[in-house]
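Those protein sequence lines, which keep their order, are chains A and B.
Going by the working numbering, the first sequence opens with residue 116, and the numbers climb by one from there.
Going by the working numbering, the second sequence opens with residue 116, and the numbers climb by one from there.
There are 2 protein chains.
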Amino acid sequence: VDEPGLCSFTFPALVDRNPVVLSVSSDGNAPMLARLLRSRLELMLPANYGRIAQLLGELRGPVAERITDPAQRLRFWEDLVDGPVAELVLAGREAEARTHITAVLARTAGVRGEVWLVGAGPGDPDLLTIKAWRLMQKADVVLYDRLVAPAIVDLCRKDAERVYVGKRMAEHSLPQQDINALLVSLAGEGRRVLRLKGGDPFIFGRGGEEIEALAEHRIPFQVVPGITAAAGCACYAGIPLTHRDHARSVRFVTGHRRDGAVQFRGDDFLDEEETLVFYMGLVALPDICRGLIEAGRDPTTPAALVQQGTTARQRVLVGSLASLPDIVASHDVKAPTLLIIGGVVTLHQKLSWYEGGASD
Amino acid sequence: VDEPGLCSFTFPALVDRNPVVLSVSSDGNAPMLARLLRSRLELMLPANYGRIAQLLGELRGPVAERITDPAQRLRFWEDLVDGPVAELVLAGREAEARTHITAVLARTAGVRGEVWLVGAGPGDPDLLTIKAWRLMQKADVVLYDRLVAPAIVDLCRKDAERVYVGKRMAEHSLPQQDINALLVSLAGEGRRVLRLKGGDPFIFGRGGEEIEALAEHRIPFQVVPGITAAAGCACYAGIPLTHRDHARSVRFVTGHRRDGAVQFRGDDFLDEEETLVFYMGLVALPDICRGLIEAGRDPTTPAALVQQGTTARQRVLVGSLASLPDIVASHDVKAPTLLIIGGVVTLHQKLSWYEGGASD
Numbered sequence: 116v117d118e119p120g121l122c123s124f125t126f127p128a129l130v131d132r133n134p135v136v137l138s139v140s141s142d143g144n145a146p147m148l149a150r151l152l153r154s155r156l157e158l159m160l161p162a163n164y165g166r167i168a169q170l171l172g173e174l175r176g177p178v179a180e181r182i183t184d185p186a187q188r189l190r191f192w193e194d195l196v197d198g199p200v201a202e203l204v205l206a207g208r209e210a211e212a213r214t215h216i217t218a219v220l221a222r223t224a225g226v227r228g229e230v231w232l233v234g235a236g237p238g239d240p241d242l243l244t245i246k247a248w249r250l251m252q253k254a255d256v257v258l259y260d261r262l263v264a265p266a267i268v269d270l271c272r273k274d275a276e277r278v279y280v281g282k283r284m285a286e287h288s289l290p291q292q293d294i295n296a297l298l299v300s301l302a303g304e305g306r307r308v309l310r311l312k313g314g315d316p317f318i319f320g321r322g323g324e325e326i327e328a329l330a331e332h333r334i335p336f337q338v339v340p341g342i343t344a345a346a347g348c349a350c351y352a353g354i355p356l357t358h359r360d361h362a363r364s365v366r367f368v369t370g371h372r373r374d375g376a377v378q379f380r381g382d383d384f385l386d387e388e389e390t391l392v393f394y395m396g397l398v399a400l401p402d403i404c405r406g407l408i409e410a411g412r413d414p415t416t417p418a419a420l421v422q423q424g425t426t427a428r429q430r431v432l433v434g435s436l437a438s439l440p441d442i443v444a445s446h447d448v449k450a451p452t453l454l455i456i457g458g459v460v461t462l463h464q465k466l467s468w469y470e471g472g473a474s475d
Numbered sequence: 116v117d118e119p120g121l122c123s124f125t126f127p128a129l130v131d132r133n134p135v136v137l138s139v140s141s142d143g144n145a146p147m148l149a150r151l152l153r154s155r156l157e158l159m160l161p162a163n164y165g166r167i168a169q170l171l172g173e174l175r176g177p178v179a180e181r182i183t184d185p186a187q188r189l190r191f192w193e194d195l196v197d198g199p200v201a202e203l204v205l206a207g208r209e210a211e212a213r214t215h216i217t218a219v220l221a222r223t224a225g226v227r228g229e230v231w232l233v234g235a236g237p238g239d240p241d242l243l244t245i246k247a248w249r250l251m252q253k254a255d256v257v258l259y260d261r262l263v264a265p266a267i268v269d270l271c272r273k274d275a276e277r278v279y280v281g282k283r284m285a286e287h288s289l290p291q292q293d294i295n296a297l298l299v300s301l302a303g304e305g306r307r308v309l310r311l312k313g314g315d316p317f318i319f320g321r322g323g324e325e326i327e328a329l330a331e332h333r334i335p336f337q338v339v340p341g342i343t344a345a346a347g348c349a350c351y352a353g354i355p356l357t358h359r360d361h362a363r364s365v366r367f368v369t370g371h372r373r374d375g376a377v378q379f380r381g382d383d384f385l386d387e388e389e390t391l392v393f394y395m396g397l398v399a400l401p402d403i404c405r406g407l408i409e410a411g412r413d414p415t416t417p418a419a420l421v422q423q424g425t426t427a428r429q430r431v432l433v434g435s436l437a438s439l440p441d442i443v444a445s446h447d448v449k450a451p452t453l454l455i456i457g458g459v460v461t462l463h464q465k466l467s468w469y470e471g472g473a474s475d
């Protein structure tokens, strides 16, 4: 087990027609790594990838004939393996797959750029989706902002161009319309553009605006969901967002507006059986807690602020609507933060399992 | 590019001290697969894994001395590489990592079972998190229910025991307390138990109840967020959940109760600038739409039902509070479904990009 050595193995699913043999050899002090590596290799191999390999083989001739440019041909193959065709084959619908391929081949005249709007999750790189990771390996250029953890940006293809487009309440490095325009122009040059956004692109990510611009310019795009901060922080802090004893629904609200003002009306949030989650609520925290109390919520309603959730710097500050503002003020809290309000917060003490490294 | 061949490569990050050499050879018709495989291999390798390898090497002697049972030693190494120690090393905090290791070594007396409560996402296996996939390869036994796509269960370690624990409104294969008890007893036997739940475990998953039982029995557990159905369906249907022109907040509500009754009060949901998402809302759909209209919502409020979102069988039915019930009744709609209500639904026509395979 923990002896150095060499292991070589063949993926069984591919053996019948198209063996892909991988040998993993480890030298020096990395035997466990080799073992882990080997176990992780299966990630890329749905059980019946072999059928796709067979189809690829049959197509090689016709494709080389129709697509003479090697770069274009590479992209065609990549799209074939990663796209709906693979899905169809894996689902046993090979006839449909062939029809689709014929159509794609016919219209493959020039290389078109495209944009992938991808959620990068709450911080822990391990919480990236497999799809996000895959597109990160394919993109020619990556646009990211401060809500994407550096450790995640580092995982993008090494030769991909990286563009920081900022976004912070007080320092808009690039206004939203400029980001939209940049996406359109990069894709217009035929590039494959990854737009990486913290959390989920459709939950307080303004992702909708970015792809509206793309749709207007008829640029192909995909949208890939990510673990939103509420889900990530809840799981890593041991605070279920719904729970039959405490909350039958959950509501995500943003704690700040573009102009910096908090338009907060506490009387919108009186349901005691609903968990409230405020994104970017650090600055507005005192206003939010006071507003809820003034609207009639019990000042002892439990509330938690999660700092840098899911990362090694996670810290959970727990109190009530009445006490949390002072608790937070007495700590050196760093963004990003998430505010969770409701009875479910009482479960934190019992269900907490993740040890963040942050301390005072 | 699309020629058969053999490629061999070394991970640069490991070269300095601990090379792990992987050679990928492809035979027959699988050259593209080998290429893709190679690109995907980097998934498992954060940039400075080399430092972990170095630490492993230094520890080999002391660990072999303290932990004589090979199975137990294997688990120790696995936990070391996957656990907080690796995080600490990657974050450059090696001193803390060593302190932690010493403590863990000291208390490693017997093998303890543990439970991983893991969100499996909305259906597309590509939307699993890397962490979920990793734990799926480690678990000794997997408990799953009908909301987890079979294609995802198939990705678990091949020799893992699989236990179907059911859960459907009308046919409770295993009552919740029995599932809780099963988790406790399996972990009590020293097994590593993966509890796979559709979507996210803390959003309508009753995950909180399951780990409460574990906490009461002092069984170690982890909770791994998953892409919740709302995020997955929204992205794949081109319906942003928040959008500055349409919705400044979003609310997740469940469309059914355990006893089958819908306790729905439309006047809780009058905010026109909030997106409403109903989980499991198919049966209650007519009640929900009528309730909202009776409470005062505009009958023309856009509404969409997403069937089997993110899968090849995704279908999006779009209408209004007034028209959607009839539209849905005239189609053969299959669970799971998600109901999205609010102005953001109008964006679907423009932003739709994913072609599900379902048709009438």
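Yeah, the Cβ is synthetic: ideal placement off N, Cα and C, and Gly gets one too.
None of the values given here were measured: they were computed from a predicted structure.
With which residues is residue i paired in a DSSP beta bridge?
i, result
"Gly434/A", "Ala418/A"
"Tyr259/B", "Tyr279/B"
"Ser364/B", "Val368/A, Glu389/B"
"Leu309/A", "Trp231/A, Val257/A"
"His358/B", "Ala362/B"
Contact criterion: CB-CB distance below 8 Å. Does residue i meet it with respect to chain B?
i, result
"Ile408/A", "no"
"Lys312/A", "no"
"Gln422/A", "no"
"Thr369/A", "yes"
"Ile456/A", "no"
"Ile342/A", "yes"
"Cys271/A", "no"
"Gly353/A", "yes"
"Ala315/A", "Note that residue 315/A is Asp in the sequence shown here, rather than Ala. It does; some Cβ of chain B falls within 8 Å."
For residue i and residue j, I'd like the C-alpha separation in whole angstroms.
i, j, result
"Asp447/A", "Pro185/A", "55 Å"
"Thr214/A", "Ala254/B", "40 Å"
"Val278/A", "Trp231/A", "15 Å"
"Ser445/B", "Ala212/A", "29 Å"
"Pro440/A", "Pro451/A", "16 Å"
"Leu195/A", "Val392/A", "41 Å"
"Gly143/B", "Pro199/A", "Because Gly143/B sits at a pLDDT of 44, beneath the cut-off of 50, its placement in the model cannot be relied upon, and the following sentence gives the value as read from the coordinates. In a straight line, the C-alpha of Gly143/B is about 24 Å away from that of Pro199/A."
"Arg333/A", "Gly353/B", "15 Å"
"Gly320/B", "Ile182/A", "49 Å"
"Ala442/B", "Gly434/B", "The residue asked about is misnamed: residue 442/B is Ile in this sequence, not Ala. Looking at the two C-alpha atoms, the distance is approximately 7 Å."
"Leu298/A", "Gly305/A", "11 Å"
"Pro316/B", "Ala419/A", "19 Å"
"Gly381/B", "Leu407/B", "4 Å"
"Ile326/B", "Arg430/A", "21 Å"
List, in order along the chain, the chain B residues whose C-beta lies closer than 7 Å to that of residue i?
i, result
"Lys110/A", "With chain A running from 116 to 475 in the structure shown, residue 110/A is simply not present."
"Pro199/A", "Glu470"
Residue i touches chain A at which residues, Cβ-Cβ below 7 Å?
i, result
"Ile245/B", "Asp241, Leu243, Ile245, Trp248"
"Arg363/B", "Thr369"
"Ile318/B", "Ala346, Leu356, Thr357, Val365"
"Gln337/B", "Trp468"
Taking 8 Å as the CB-CB limit, is residue i close to chain A?
i, result
"Gly381/B", "no"
"Val280/B", "no"
"Ser430/B", "The sequence as given places Arg at residue 430/B; Ser does not occur at that position. Output row for Arg430/B: interface = no."
"Leu203/B", "yes"
"Val460/B", "no"
"Ala285/B", "Its pLDDT being 46, under 50, Ala285/B is placed unreliably by the model, and nothing is read from it."
"Gly322/B", "yes"
"Val386/B", "Reading off the sequence shown, one finds Asp at residue 386/B, where the question assumed Val. Judged by the 8 Å Cβ criterion, Asp386/B is in contact with chain A."
Can you give me the start and stop residues for the alpha helix (DSSP H) that residue i sits inside?
i, result
"Tyr351/B", "344-352"
"Arg272/A", "Counting along the chain, Arg272/A falls outside any alpha helix (DSSP H), and DSSP gives it neither H nor E."
"Gly234/A", "Taken as a continuous stretch (DSSP letters only), Gly234/A belongs to no alpha helix (DSSP H), being part of the beta strand (DSSP E) at 229-234."
"Ile318/B", "Looking at the DSSP string, Ile318/B is not in any alpha helix (DSSP H), and its letter there is neither H nor E."
Could you tell me the boundaries of the beta strand (DSSP E) in which residue i lies?
i, result
"Gln423/A", "Gln423/A -> no beta strand (DSSP E), and no H or E assigned at all."
"Gln337/A", "336-339"
"Ile182/A", "Element bounds for Ile182/A: n/a, residue is neither H nor E."
Starting from residue i, find everything on chain A with Cβ-Cβ shorter than 8 Å and list it in chain order.
i, result
"Cys404/B", "What Cys404/B touches in chain A: nothing, since even the nearest Cβ is about 18 Å away."
"Ala302/B", "In chain order: nothing, as chain A lies at least about 13 Å away."
Name the chain B residues that come within less than 8 Å of residue i, Cβ to Cβ?
i, result
"Gly347/A", "Pro340"
"Asp413/A", "Within 8 Å Cβ-Cβ: nothing; Asp413/A doesn't reach chain B, min ~19 Å."
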